[in-house]
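For the protein sequence lines, the chains are L and D, in the order given.
Under our numbering, the first residue of the first sequence is numbered 63, with each subsequent residue one higher.
Under our numbering, the first residue of the second sequence is numbered 63, with each subsequent residue one higher.
There are 2 protein chains.
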Amino acid sequence: MTKVVIVGVGLIGGSFALGLKAAGAAGHIVGLGRSAQALARARELGIIDEAATSPQEAMRGADLVLLAAPVAQTGAILASLLPHLEPQTIVTDAGSTKSDVVAAARAALGDRVHQFVPGHPIAGRESNGPDAAIPDLYRGKKTVLAPLPENAAEAVEKVAAAWRTCGAIIHMLTPQEHDKVFAAVSHLPHLLAYALVDDIANKPHADLLFQYAASGFRDFTRIAGSSPEMWRDISLANRDALLGELDAYLAQLTHLRARLAASDGPALEATYANAQRARRAWTEAIEAAEKPPAPDQESGK
Amino acid sequence: MTKVVIVGVGLIGGSFALGLKAAGAAGHIVGLGRSAQALARARELGIIDEAATSPQEAMRGADLVLLAAPVAQTGAILASLLPHLEPQTIVTDAGSTKSDVVAAARAALGDRVHQFVPGHPIAGRESNGPDAAIPDLYRGKKTVLAPLPENAAEAVEKVAAAWRTCGAIIHMLTPQEHDKVFAAVSHLPHLLAYALVDDIANKPHADLLFQYAASGFRDFTRIAGSSPEMWRDISLANRDALLGELDAYLAQLTHLRARLAASDGPALEATYANAQRARRAWTEAIEAAEKPPAPDQESGK
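Here you go:
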């Protein structure tokens, strides 16, 4: 019987547990975390079978452990698990940054770091906590694994298999590649959205401005509704890659500002058109990937 | 019998026509425009009753004219209408910028400018053309009117009444106020979204980046799917206000970059939290405004 430990039974950890349960793939799921209230609620909702009161209890005979707590806590959590880490146990995580998680894992686990396989499921919802957890959160979504040179192939496969059971598609990146990619397509947009709303909110006529903000503004700033604590941690954890992307974007904006100041219509239109084209190609590729394959009407031919 | 002329029978003009028709408020709707194909399609869809072949024919006996063509064409269109502009006819527009429209109207109409009431319905959809037009597009949405000192109160009221018939709520701003407000909450976000997608699309590893872009990126960049020609025109038409907002935003980003470079967690969190708070207050205010009033359970008391 497989024993799975979830550290942090919120949206991410809870949905992983529910996905495994829905597939009948988890023998016994144990929750561990700082919030006794969240653990009790997760138990009530049938997300976990047992709320552990100590790492020692939770880790006894564990096959797989998922850390689904804020990335800044990774080192402290791993340090608390280490004394109880049995040889067969594989630990993974769900953090939005990977280089810092790897550094924390190396520092905390030392030569046991081969038992830690870094990961990042690319899925989320606007709501949080155990009540937000759903079994289908990862279905059809990517989970990035960023294995360490120390990881055995079997360890990586154990983690990949669990995510596949939840319906996720496994992608492999190095921690550095991961952080550079997500700095560009996730961390920078969050910073830009927060910055815009904060900028507007601080203007003396903010009320007038918000009164006329419409659906375009709502979509553009949706990610500024995300948890400030979580995104502070992500920004700091991925600081160098994020600074690099921010500098590239500032250079782009400065260039575009000069074109606008010069009333250079063709240059503005070329930038806008390139963006529209690239975005359309991207959304079409997503839609094609999400569409079920057409039935084969000439099977056998 | 009221005669309404729609110049540009796409999403905006077509939905205005359908809104009036749905309320039984338009006796006869005439379409005018550069595209014979769009006019024929609008006729086929029952958006207009007649496709005019000349401004002269369209303007004969007209009560109300809506310009729903790209703002850069306003001057040329008004000049073509002027020789046929009867004393009872009121002309309005649906352009996303107002200072430039007012300047074009003054130049084209001279002392007949009192017959032109500038306007801007705050509504849209991702699709365009007559096929995208729907009678409910403006229901519950704001329409900003930016009247001129020369406009008679009756002229303004005629335009306001037509928009109210389509279900819109009338707001009044000066052209300058209008342009400053929309530079901040609409034009700048469009420029930022276009700039981000263009920036990513031009990187050598763009394909890798787009592969990991998820729902947050999709929402943030949705407005970069808008028409490049239209947004080139809006950017140029509202250049000065847009430059002002862009400079404020660049200063904000530069400040935030310094905080990030200094790993100043509390400052980042304060900015993010202020944005989250302001956005939540805004969305709650919108939802409250859109919710029908609770039934009065103690009427008479």
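We put the CB at the ideal spot given by N, CA and C, even for glycine.
In whole angstroms, what separates the C-alpha of residue i from that of residue j?
i	j	result
residue 284(D)	residue 237(D)	27 Å
residue 134(L)	residue 295(L)	6 Å
residue 178(L)	residue 269(L)	49 Å
residue 329(L)	residue 313(L)	16 Å
residue 127(D)	residue 197(D)	18 Å
residue 139(L)	residue 125(L)	17 Å
residue 174(L)	residue 243(L)	28 Å
residue 195(L)	residue 77(L)	5 Å
residue 277(D)	residue 200(L)	13 Å
residue 359(D)	residue 205(L)	With a pLDDT of 43 at residue 359(D), under the threshold of 50, the modelled position of that residue is not reliable, and the figure given next carries that caveat. Each residue's alpha carbon lies about 52 Å from the other.
residue 363(L)	residue 348(L)	Low local confidence applies: a pLDDT of 35 at residue 363(L) is under 50, so the model's placement there is unreliable, and no value is given.
residue 143(D)	residue 121(D)	7 Å
residue 240(L)	residue 247(L)	11 Å
residue 145(L)	residue 95(L)	17 Å
residue 82(D)	residue 73(D)	14 Å
residue 129(D)	residue 114(D)	14 Å
residue 310(L)	residue 260(D)	11 Å
residue 165(D)	residue 208(D)	13 Å
residue 361(L)	residue 156(L)	In this prediction, residue 361(L) has a pLDDT of 40, which is less than 50 and means its spatial position is unreliable; what the coordinates show is noted afterwards. Using only the alpha carbons, I get a separation of about 41 Å.
residue 224(D)	residue 202(D)	14 Å
residue 308(L)	residue 300(D)	26 Å
residue 137(L)	residue 216(L)	24 Å
residue 79(L)	residue 334(L)	43 Å
residue 228(D)	residue 68(D)	14 Å
residue 279(L)	residue 251(D)	7 Å
residue 290(D)	residue 257(D)	12 Å
residue 91(D)	residue 233(L)	57 Å
residue 365(D)	residue 253(D)	Shown here, chain D extends from 63 to 363; a query on residue 365(D) therefore has no answer.
Does residue i come out as helix, strand or coil in the three-state DSSP assignment?
i	result
residue 271(L)	helix
residue 160(L)	coil
residue 93(L)	strand
residue 205(D)	strand
residue 255(D)	helix
residue 265(D)	coil
residue 119(L)	helix
residue 247(L)	helix
residue 331(D)	helix
residue 114(D)	coil
residue 360(D)	Low local confidence applies: a pLDDT of 41 at residue 360(D) is under 50, so the model's placement there is unreliable, with the coordinate-based value given in what follows. Coil, per DSSP.
In terms of residue numbering, what span does the alpha helix (DSSP H) encompassing residue i cover?
i	result
residue 220(L)	215 to 227
residue 316(D)	301 to 323
residue 147(D)	Premise fails: residue 147(D) is in no alpha helix (DSSP H) and is neither H nor E.
residue 240(D)	237 to 244
residue 134(L)	Careful: residue 134(L) lies outside any alpha helix (DSSP H) and carries neither H nor E.
residue 280(D)	277 to 282
residue 289(L)	Element bounds for residue 289(L): n/a, residue is neither H nor E.
residue 106(L)	98 to 106
residue 73(D)	73 to 84
What are the start and end residues of the beta strand (DSSP E) that includes residue i?
i	result
residue 181(D)	181 to 183
residue 127(D)	126 to 129
residue 155(L)	152 to 155
residue 68(L)	65 to 69
residue 231(L)	231 to 234
Residues, ordered as in the chain, of the segment 318 to 330 of chain D that lie near chain L by beta-carbon distance below 7 Å: 318, 319, 322, 323, 325, 327 and 330
By the 9 Å beta-carbon criterion, what residues does the segment 243 to 257 of chain L contribute toward chain D? 243, 244, 246, 247, 248, 250, 251, 252, 253, 254, 255, 256 and 257
Indicate whether the contact test is met: 3 or more Cβ pairs, each with one atom in the segment 213 to 221 of chain D and one in the segment 138 to 155 of chain D, closer than 8 Å. yes
Chain D contacts made by the segment 259 to 276 of chain L, where a contact means CB separation under 9 Å: 259, 260, 261, 262, 263, 264, 265, 267, 268, 270, 271, 272, 273, 274, 275 and 276
Please list, in chain order, the residues of the segment 202 to 234 of chain L that have any C-beta partner in chain D closer than 9 Å. Result list: 203, 204, 206 and 233.
Should the segment 98 to 111 of chain L be regarded as contacting the segment 152 to 172 of chain L, the criterion being three or more beta carbon pairs within less than 8 Å? Judged by pairs of C-beta atoms under 8 Å, the segment 98 to 111 of chain L does not touch the segment 152 to 172 of chain L, as fewer than three such pairs exist.
Residues within the segment 297 to 314 of chain L neighbouring chain D, beta-carbon criterion of under 9 Å: 297, 298, 301, 304, 305, 307, 308, 309, 310, 311, 312, 313 and 314
Contact between the segment 259 to 273 of chain D and the segment 322 to 342 of chain L is defined here as three or more beta-carbon pairs at a separation below 8 Å; is this criterion met? yes
Could you list the residues in the segment 162 to 182 of chain L with a C-beta less than 8 Å from some C-beta on chain D, going in chain order? none
Between the segment 315 to 324 of chain D and the segment 254 to 268 of chain D, do three or more beta carbon pairs fall short of 8 Å? Here the segment 315 to 324 of chain D does not lie against the segment 254 to 268 of chain D, with fewer than 3 beta-carbon pairs under 8 Å apart.
When Cβ atoms are compared, which residues of the segment 276 to 289 of chain L fall closer than 9 Å to chain D? 276, 277, 278, 279, 280, 281, 282, 283, 284, 285, 286, 287, 288 and 289
Residues within the segment 333 to 352 of chain D neighbouring chain L, beta-carbon criterion of under 9 Å: 333, 334, 335, 336, 337, 338, 339, 340, 341, 342, 343, 344, 345, 347 and 348
Anything in the segment 64 to 98 of chain D with a Cβ closer than 8 Å to a Cβ of chain L? List those residues in chain order, please. Under the 8 Å Cβ criterion, the segment 64 to 98 of chain D contributes no residue.
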